[in-house]
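Peer 1: Protein sequences appear in the order of chains A and B. Residue numbers for the first sequence follow our numbering, so the first one is 8 and each next one is one higher. Residue numbers for the second sequence follow our numbering, so the first one is 8 and each next one is one higher. Note that the Cβ used here is the ideal one computed from N, Cα and C, for glycine as well. Given the structure is predicted, the values throughout are model-derived calculations rather than measurements. After the structure tokens below, expect a handful of questions from me.
2 protein chains.
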Amino acid sequence: MNEYPVGLVPGPVSVPRNIRESWLTDFGSADLEPEFLRLYADNQKLLQKLLGTKESVVITSGEAMSALWGGLKSALEPGDRLLAVASGLFGEGFADMAKSIGMKTETVAAEYNSLPDPRKVRESALRFRPKMITAVHCETPSGTLMPLKELGDIARETGALFLVDFVSSGGGAEVGVDANGIDIGLLGSQKALSMPSSLSMSTISERAWKVMENVGYCGYDSYLPWRDVPRVPAPYTHDWHGMSALNRSLSSIMKEGMENVFARHCRAASLCRKLAAEAGIELFPLNEDMCSPTVSAFYVPKGWTWEELDAALRSRGLVVGGNYGPLAGKVFRIGHMGSQADESLVTRGMEIVRETLAVKN
Amino acid sequence: MNEYPVGLVPGPVSVPRNIRESWLTDFGSADLEPEFLRLYADNQKLLQKLLGTKESVVITSGEAMSALWGGLKSALEPGDRLLAVASGLFGEGFADMAKSIGMKTETVAAEYNSLPDPRKVRESALRFRPKMITAVHCETPSGTLMPLKELGDIARETGALFLVDFVSSGGGAEVGVDANGIDIGLLGSQKALSMPSSLSMSTISERAWKVMENVGYCGYDSYLPWRDVPRVPAPYTHDWHGMSALNRSLSSIMKEGMENVFARHCRAASLCRKLAAEAGIELFPLNEDMCSPTVSAFYVPKGWTWEELDAALRSRGLVVGGNYGPLAGKVFRIGHMGSQADESLVTRGMEIVRETLAVKN
């Protein structure tokens with residue numbers, strides 16, 4: 008469907024009209040105009056505030072995977088060690104990506120419906136001595152949110168860089184980059200920022216810049232050329248429309264108040280899980296404490312295949328998310344992030360879920 | 008300036024309103040919808056027609072530099088040999104990029120206001136035996152267009168892959184991918200396609216796919232995961248808005264007729280150079296035959312610095328392009344590509360140039 012009557016996909020989320028209207032301006036050349044550089048700098052400051060950091064912020068053109076690859080390649084060289092902390096597909100994915108480019112890896116993994124034990128992470132870090140520890144804040148396929156503070160402490164204790172994918176939580180939950188000791192933090196535009204998928208935002212600590220300078224990685228996704236942007240030109244023609252959309256998104260979050268936005272996400276998430284429980288739908292994560300405020304994962308109800316459920320929900324106007332890998336066909340997801348962290352939208356969506364299940368039961 | 012009263016920058020060009028209005032639709036998830044896959048496939052077909060190829064077309068999210076890096080990294084491994092054919096900054100840039108990722112390189116370079124001699128390219132290719140020969144079709148900073156047929160023949164004769172950057176010519180001039188033996192052809196969105204800068208389009212020949220499969224490069228800019236898209240899912244959440252904008256751009260080119268579009272570019276280019284000559288402005292390329300139909304490069308007139316000229320033109324509403332590297336401050340450029348390949352716009356712009364120079368003279 009081109010447009011969803013009731014859209015609760017866990018990203019890309021529905022993009023509010025005022026953000027889409029950024030494209031109505033026929034912007035000049037981002038390479039030439041001081042207005043663009045000021046906009047970039049303004050977005051850097053707003054992102055520092057939103058993500059809780061005094062360190063650098065870099066905004067690049069490309070989907071969030073460009074930031075994931077860029078984070079690994081900019082800071083690691085073949086043979087370096089990477090410890091992946093995982094409670095799902097994306098967490099494990101970091102080890103796969105790192106292996107594919109020549110790193111030695113170890114993974115501390117929990118069941119997908121659970122969270123890893125930080126003691127095991129510490130044990131592994133002390134023995135394996137990784138150059139980088141990776142974690143995924145919100146594991147979107149699993150619907151879990153990983154506590155970061157202890158992992159950041161372990162990284163500091165063992166001298167590792169701490170890379171965190173907060174692609175689907177940043178903007179919808181507190182990320183606390185500096186408080187959690189995150190050296191490389193990665194955010195996508197199509198989740199809680201309610202934008203199209205074409206921009207990536209990254210936080211880079213001074214420690215991480217030093218490592219990146221030693222590595223000297225060259226490529227589209229290298230962070231190095233961005234260190235002094237906007238004081239120096241960007242390494243390619245930037246996306247002024249996207250930068251304007253980002254400014255509208257961040258300004259709207261600041262106007263509502265970050266704490267209010269995070270609270271709105273929590274309310275939408277609690278409501279979603281309460282309505283699901285009332286409809287007899289089983290939560291995938293082991294308990295509510297580990298659930299993300301941006302996405303909820305549920306077992307596909309007994310008596311349904313995912314394909315049947317998806318088709319039945321769509322026939323009533325609701326589109327939700329399926330799953331991947333071992334969770335494909337077994338777990339489905341409701342995305343209540345950004346523009347979709349909306350209690351009335353969640354109520355409407357879960358009412359459709361309830362009605363759909365009732366017809367068959 | 009956010010919007011240019013008279014914009015003749017050689018990319019990013021002015022984006023027509025109907026293309027920008029692609030963003031007014033609140034598209035669903037590109038990961039989930041058959042409509043998106045059909046749109047992607049339709050754009051592949053339109054690009055095959057526009058670029059003259061029966062080989063693969065890949066459309067990715069990211070500025071054109073992602074395609075340049077992706078082309079090199081997907082097909083080369085450290086130690087491989089690359090022969091760069093250059094008549095300007097971007098042509099020479101391929102050798103710099105390749106060196107930075109461990110290749111052995113050789114460059115056959117002409118003066119920036121000229122074109123390289125294919126005999127020298129052949130001599131070098133026969134001796135150096137490169138795995139890849141690179142060329143830039145329209146060398147935007149120099150305003151020249153490089154004939155490709157002889158270079159393609161040399162690549163075939165010596166068994167090299169032929170990679171061509173037609174970022175700023177594709178859509179505005181005939182590229183002839185198959186006719187010229189181009190194995191990897193690279194196009195950006197913000198030039199003759201009159202779009203924002205966020206998409207890249209590449210043609211990949213069967214020969215190139217075989218090499219890429221042997222190399223097995225992994226990364227954001229790797230072409231490998233794209234070989235069977237849209238029959239298999241894309242490796243990240245694609246940009247549905249951009250894909251829709253591309254469809255509008257390509258459909259509009261097909262409606263006007265490709266030959267008519269190319270002819271319109273030639274007329275705008277000839278007119279620009281004629282009006283410049285009448286205003287006493289000296290063409291940068293040695294002769295008109297080597298000029299690109301998408302951009303014209305001129306010497307900054309005597310008695311002016313580039314900064315003075317830029318400020319004076321801007322004060323009358325006209326924004327043109329400056330230059331980089333050895334041409335910075337010496338050569339300026341008029342971009343008449345895509346939406347700007349418009350005789351009335353060029354006339355208006357060159358009238359401002361004439362008036363501006365007249366005041367000082």
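1. I think Ala186(A) touches Gly59(A), with their Cβ atoms under 8 Å apart; what is that distance to the nearest whole Å?
2. So with CB distances below 7 Å, who are the chain A contacts of Asn9(B)?
3. Which partner residues of Lys111(A) appear in the DSSP bridge assignment?
4. Does the pairing of the region 263 to 279 of chain B with the region 108 to 122 of chain B give three or more beta-carbon distances under 8 Å?
5. Return the bridge partner residues of Met139(B) from the DSSP annotation.
6. Return helix, strand or coil for Gly159(B), following the three-state DSSP convention.
7. Is the region 95 to 106 of chain A in contact with the region 210 to 227 of chain A, if contact means three or more CB pairs nearer than 8 Å?
8. Excluding sequence positions up to five away, which residues of its chain have a Cβ less than 6 Å from the Cβ of Gly14(B)?
9. With the cut-off set at 8 Å, would you say Lys337(A) and Val307(A) are in Cβ contact?
10. Drop a sphere of 10 angstroms on the beta-carbon of Asp296(B), count the other beta-carbons inside from all chains shown, and report buried for 16 or more, exposed for fewer.
11. Checking 8 Å against the spacing of the C-beta atoms, do Ser73(A) and Asp228(A) come in under that value?
12. Would you say Lys80(A) reaches chain B, if we count a Cβ-Cβ gap shorter than 8 Å as a contact?
13. Kindly list the residues whose CB is nearer than 6 Å to the CB of Val268(A), restricted to its own chain and excluding five residues on each side of it in sequence; keep chain order.
14. Using alpha carbons as the reference points, say which of Leu53(A), Pro148(A), Asp49(A) lies closest to Val16(A).
15. Tell me, which residues are paired with Ala116(B) by DSSP?
16. Counting only C-beta atoms, is Ser68(A) closer than 8 Å to chain B at any point?
17. Does the CB of Leu278(B) have a neighbour CB from chain A at under 8 Å?
18. Please list the partners that Thr244(A) has in chain B, where partner means a Cβ-to-Cβ separation under 9 Å.
19. Give a yes or no on whether 8 Å exceeds the smallest Cβ distance from Tyr227(B) to chain A.
20. What did DSSP end up calling Glu263(B) once you bin it into helix, strand or coil?
21. Could you confirm whether any beta carbon from chain C is found closer than 8 Å to the beta carbon of Val22(A)?
22. Taking only beta-carbon positions, decide if Trp76(A) is within less than 8 Å of chain B.
23. Would a C-beta distance cut-off of 8 Å place Ala167(B) and Lys138(B) closer than the cut-off?
24. Examine chain B for any beta-carbon lying closer than 8 Å to the beta-carbon of Ser322(A), and answer yes or no.
25. Keeping to the same chain, check which residues put their C-beta closer than 7 Å to that of Ala82(B); ignore five residues upstream and five downstream.
26. May I ask which residues mark the beginning and end of the beta strand (DSSP E) holding Gly195(B)?
27. For Arg134(A), does the count of other Cβ atoms within 10 angstroms reach 16, so buried, or fall short, so exposed?
28. Mapping the DSSP letters down to three states, classify Val327(A) as helix, strand or coil.
29. What is the residue span of the beta strand (DSSP E) that Thr210(A) lies within?
30. In three-state DSSP terms, what is Arg340(B)?
31. Give a yes or no on whether the minimum CB-CB distance between Ser209(B) and chain A is below 8 Å.
Peer 2: Straight from the coordinates:
1. Indexing the first sequence from 1 puts residue 186(A) at position 179. Indexing the first sequence from 1 puts residue 59(A) at position 52. Yes, they are in contact, since the Cβ atoms of Ala186(A) and Gly59(A) sit about 6 Å apart, within 8 Å.
2. For the purposes of this step, residue 9(B) is taken as the residue at position 2 of the second sequence. Those are Thr32, Phe34, Gly35, Glu42, listed as they occur along chain A.
3. What you label residue 111(A) is simply residue 104 of the first sequence in a count that begins at 1. Paired residue(s): Arg88(A).
4. no
5. The residue you call residue 139(B) lines up with position 132 of the second sequence. Looking at the DSSP assignment, Met139(B) forms a beta bridge with Leu89(B), Leu168(B).
6. Here residue 159(B) corresponds to residue number 152 of the second sequence, with the count starting at 1. In the structure shown, Gly159(B) sits in a helix (DSSP, three-state: H, G or I).
7. no
8. On the second sequence, residue 14(B) is found 7 positions in, with the first residue counted as 1. Here the set comprises Ser21, Val326.
9. Taking the first sequence and counting its residues from 1, the one referred to as residue 337(A) is at position 330. Taking the first sequence and counting its residues from 1, the one referred to as residue 307(A) is at position 300. Contact: yes.
10. Taking the first residue of the second sequence as position 1, residue 296(B) is located at position 289. Answer is exposed; the Cβ neighbour count stays below 16.
11. By 1-based counting over the first sequence, the position of residue 73(A) is 66. By 1-based counting over the first sequence, the position of residue 228(A) is 221. For Ser73(A) and Asp228(A), yes; Cβs fall inside 8 Å.
12. Within the first sequence, numbered from 1, the residue matching residue 80(A) stands at position 73. Closer than 8 Å to some Cβ of chain B, the Cβ of Lys80(A) qualifies, so yes.
13. Within the first sequence, residue 268(A) is the residue found at index 261, counting from 1. So the qualifying residues of the chain are Ile260.
14. Against the first sequence, residue 16(A) aligns to sequence position 9. Measuring from the Cα of Val16(A), the nearest candidate turns out to be Pro148(A).
15. Taking the second sequence and counting its residues from 1, the one referred to as residue 116(B) is at position 109. Ala93(B).
16. Here residue 68(A) is taken as the residue at index 61 of the first sequence, counted from 1. Yes, Ser68(A) lies at the interface with chain B (some Cβ there is under 8 Å from its Cβ).
17. The count along the second sequence starts at 1 and reaches residue 278(B) at position 271. It does not: the Cβ of Leu278(B) has no partner Cβ on chain A nearer than 8 Å.
18. Locating residue 244(A) in the first sequence gives position 237, counting from the first residue. Neighbours of Thr244(A) on chain B, chain order: Gly18, Pro19, Glu70, Ala71, Met72, Gly195, Gln197, Ser204.
19. Along the second sequence, read from residue 1 onward, the residue named residue 227(B) stands at position 220. So, interface residue.
20. Within the second sequence, residue 263(B) is the residue found at index 256, counting from 1. Here Glu263(B) sits in helix by DSSP.
21. The structure shown has no chain C; the protein chains it does contain are A and B.
22. Counting from 1 along the first sequence, the entry for residue 76(A) is found at position 69. Yes - at least one Cβ of chain B is within 8 Å of the one on Trp76(A).
23. Here residue 167(B) is taken as the residue at index 160 of the second sequence, counted from 1. Here residue 138(B) is taken as the residue at index 131 of the second sequence, counted from 1. Result yes, Cβ atoms of Ala167(B) and Lys138(B) sit closer than 8 Å.
24. Here residue 322(A) refers to the residue found at position 315 when the first sequence is read from its first residue. So no, Ser322(A) is outside the interface.
25. Position 75 of the second sequence, counted from the first residue, corresponds to residue 82(B). Only Met139, Leu168, Ile191, Ala215, Val218, Met219, Val222 meet the Cβ criterion.
26. For the purposes of this step, residue 195(B) is identified with residue 188 of the second sequence, where counting begins at 1. Element bounds for Gly195(B): 191 to 195.
27. Numbered from its first residue, the first sequence carries residue 134(A) at position 127. Looking at its Cβ environment, which holds fewer than 16 other Cβ atoms inside 10 Å, Arg134(A) is exposed.
28. Translated into the one-based positions of the first sequence, residue 327(A) becomes position 320. Three-state result, Val327(A): coil.
29. As a position in the first sequence, residue 210(A) is number 203, starting the count at 1. Start and end: 206 to 211.
30. Start at 1 with the first residue of the second sequence, and residue 340(B) comes out as number 333. DSSP places Arg340(B) in strand when its eight states are reduced to three.
31. Taking the second sequence and counting its residues from 1, one reaches residue 209(B) at position 202. Chain A contact via Cβ: absent.
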